[in-house]
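Residue numbers (this note's numbering): 167 to 400. Idealized CB from N, CA, C, for every residue including glycine. Notes follow once the structure below has been shown.
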Amino acid sequence: MAFIPGEGVDSMLNTKDLVITLLKERKYDEIAEMVAGDRTKIRYLRRLLYEPGTLLCWRAIEAMGVVAGRLAEEDPQAVRLILRNLLWAINEESGGIGWASVEAMGEIVARRPDLYGDYASIILFHVEEEMLRRGVMWAAGQIARVSPDLVRRYIPMLVPYVDDPDPVVRGYTLRFLGMMGEKLDSGQYGYLLQDTSTVPVYGSGEIRQLTVAELAAGVIEKIAEPGCLCAGVK
């Protein structure tokens, strides 16, 4: 455990417990104010990114976006430093992969695409790394929700991942395409409507288990043009 000057062990434990309590109550604005007052405290959120799949991890991802939005109001460069640190965490040379760092980066970009949209391409080009693919596709969907033009040109690159061996990647790819308003031809991709593999989807503070078929329902349709894979792809 690293020590911060002026912060004792009891204080560190109390801060950790407070952050966890605020996450459980989804009081992200209070966490943002805490970090704005002492930016070193963002480490309590970052530590939770190493617990992928847990509800606390998902809420920490969500909170990272709120914190970044708050910090961006007074110091946009501070958020760029956070993004660089998250990027460093996903590189193998850092000594380990920050499992949910990609999702956190996507949440930050989605929160302020006007300031940090340049990171969208950096995130998406990590899709070839199998261990990061779930996070990349989730981040793509989050960005697509608020700023689809940032990720539109990457649709042809991402469509093939509807056939990924990992059902979560398949599901998140379909979620992304749905956010983009894209359609896949039922003649080629109709089998996805029969895919009952489950996918954890976070939203409104909770994790729901959806099937790939459910995520495909709004994306798969009959497309008249022969050979068309994805309507609207240029």
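With 16 other Cβ atoms within 10 Å as the buried cut-off, status of residue i
i, result
"residue 339", "buried"
"residue 462", "Not covered by the structure: residue 462. The range shown for the chain is 167 to 400."
"residue 326", "exposed"
"residue 355", "buried"
"residue 323", "exposed"
"residue 299", "buried"
"residue 297", "exposed"
"residue 250", "exposed"
"residue 285", "buried"
"residue 210", "buried"
"residue 319", "exposed"
"residue 219", "exposed"
Where residue i sits in the DSSP three-state scheme
i, result
"residue 368", "strand"
"residue 240", "helix"
"residue 209", "helix"
"residue 362", "coil"
"residue 377", "strand"
"residue 386", "strand"
"residue 183", "helix"
"residue 312", "helix"
"residue 216", "coil"
"residue 192", "coil"
"residue 317", "coil"
Pairwise C-alpha distance: residue j and residue i
i, j, result
"residue 168", "residue 199", "Residue placement at residue 168 is poorly supported in this model, since its pLDDT is 39, which falls under 50; the coordinates still yield a value, given next. Their backbone Cα atoms lie some 23 Å apart in a straight line."
"residue 388", "residue 222", "40 Å"
"residue 382", "residue 212", "32 Å"
"residue 215", "residue 244", "19 Å"
"residue 394", "residue 183", "Any reading at residue 394 must be qualified, since the residue scores a pLDDT of 49, below 50, and its modelled position is unreliable; no value is offered."
"residue 361", "residue 379", "5 Å"
"residue 217", "residue 255", "14 Å"
"residue 283", "residue 196", "26 Å"
"residue 188", "residue 194", "7 Å"
"residue 191", "residue 185", "10 Å"
"residue 398", "residue 344", "In this predicted model, residue 398 has a pLDDT of only 42, less than 50, meaning its place in the structure is not dependable; the value taken from the coordinates is given anyway. When rounded, the distance between both Cα atoms is 12 Å."
"residue 369", "residue 308", "11 Å"
"residue 333", "residue 359", "13 Å"
"residue 181", "residue 257", "28 Å"
"residue 236", "residue 353", "46 Å"
"residue 335", "residue 364", "11 Å"
"residue 329", "residue 303", "13 Å"
"residue 277", "residue 205", "18 Å"
Nearest-angstrom beta carbon gap, residue j and residue i [assumed within contact, 8 Å]
i, j, result
"residue 385", "residue 350", "5 Å"
"residue 266", "residue 248", "In fact, because the Cβ distance is near 14 Å, the residues do not count as touching under 8 Å."
"residue 230", "residue 270", "4 Å"
"residue 366", "residue 313", "Incorrect: roughly 24 Å between the Cβ atoms, too far for contact."
"residue 347", "residue 376", "Actually they do not touch by this definition, with Cβ atoms about 19 Å apart."
"residue 321", "residue 224", "Not confirmed; about 26 Å, so no contact."
"residue 301", "residue 268", "3 Å"
"residue 310", "residue 289", "In fact, because the Cβ distance is near 12 Å, the residues do not count as touching under 8 Å."
"residue 273", "residue 227", "5 Å"
"residue 331", "residue 281", "Their Cβ separation, rounded to whole angstroms, is 36 Å, which puts residue 331 and residue 281 out of contact at 8 Å."
- Task: Write down every uninterrupted run of the beta strand (DSSP E) in the segment 324-353 whose length is 3 residues or greater and which is fully enclosed by it, in chain order.
- Result: 349-351
Just to confirm the assignment: which complete alpha helix (DSSP H) runs, minimum length 4, are found wholly within the segment 257-297? 267-277, 279-282 and 285-290
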